[in-house]
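Engineer: I have a structure here, written as structure tokens, and I will follow up with some questions on it.
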Amino acid sequence: MASGAIEAAFLFQLEMRICGVETIGVTPRGPRIISYLKGEFEGPGLKGTVENGADYILLRADKVAELDARLTLRSDTGEFIYLHYSGVTDIPEEAGDAAAAGILPPGKFKPRVAVRLETASLRHARLNQIQAIGIGQADTVAGTVGYMVYAL
Numbered sequence: 000m001a002s003g004a005i006e007a008a009f010l011f012q013l014e015m016r017i018c019g020v021e022t023i024g025v026t027p028r029g030p031r032i033i034s035y036l037k038g039e040f041e042g043p044g045l046k047g048t049v050e051n052g053a054d055y056i057l058l059r060a061d062k063v064a065e066l067d068a069r070l071t072l073r074s075d076t077g078e079f080i081y082l083h084y085s086g087v088t089d090i091p092e093e094a095g096d097a098a099a100a101g102i103l104p105p106g107k108f109k110p111r112v113a114v115r116l117e118t119a120s121l122r123h124a125r126l127n128q129i130q131a132i133g134i135g136q137a138d139t140v141a142g143t144v145g146y147m148v149y150a151l
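Quick note: the sequence shown uses numbering that gives the first Met the number 0, first residue 0, plus one each step.
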């Protein structure tokens, strides 16, 4: 029987800036926005930039935001890595009106996401076999999003 402990190894820290936001509006599933991201990442044997990225966010009526991001990473040695994460974060009560209107809610959030990576790089081929998690912090007023990413 399992002990309940989860074994995880630190992969990298991901630090991003929100470079732009598109408001899609209130769709049949709820208010939806797109947050565009750029930044940097660094961990043991892995370092580089977030070349381009976008988080397709669904703002649910139960004060939860569903996250669905796709990022293009470039290692400091020039290899590309595709990163996809999905997960959720609570929307603070004070940001609920903005979220209901389909506007990026102002405030600080603690997103939790499942992370998958893909690369053609032989140097980083191990990333293709990893299921990872991201423990994050986002500040939509400051325009920052960061994750500590761990391999399971």
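Think of the CB as a built atom: it goes at the ideal place given N, C-alpha and C, for glycine as much as any other residue.
As the structure is a computational prediction, the values presented were derived from the model and not from experiment.
Between Arg28, Gln130, Gln12, which lies nearest to Lys46 when the distance is taken from Cα to Cα?
Structural biologist: Comparing Cα positions, the closest option is Gln12.
Engineer: Taking only the alpha-carbon atoms, compute the straight-line gap between Leu82 and Ala53 and give it to the nearest angstrom.
Structural biologist: So the alpha carbons of these two residues sit roughly 11 Å apart.
Engineer: What number of angstroms, rounded off, separates the C-alpha of Glu92 from the C-alpha of Val148?
Structural biologist: Between Glu92 and Val148, the C-alpha separation is close to 27 Å.
Engineer: Kindly indicate which residue of Pro104, Phe9, Thr139, Ala4 has the alpha-carbon position closest to the one of Gly42.
Structural biologist: For the residues Pro104, Phe9, Thr139, Ala4, the minimum Cα distance to Gly42 belongs to Phe9.
Engineer: Look up Asn51 in the DSSP assignment and give the residues it is bridged to.
Structural biologist: Thr71.
Engineer: Please specify which runs of the alpha helix (DSSP H), each continuous and at least 4 residues long, are wholly inside the segment 85 to 128, giving them in chain order.
Structural biologist: Here the runs fully enclosed are 95 to 99.
Engineer: From Asp75 to Thr48, what does the alpha carbon distance come to, in whole angstroms?
Structural biologist: The straight-line gap from Cα to Cα measures roughly 7 Å.
Engineer: Hey, Ile80 and Leu116: beta-carbon distance below 8 Å or not?
Structural biologist: Against a cut-off of 8 Å, the Cβ pair of Leu116 and Ile80 comes out as a contact.
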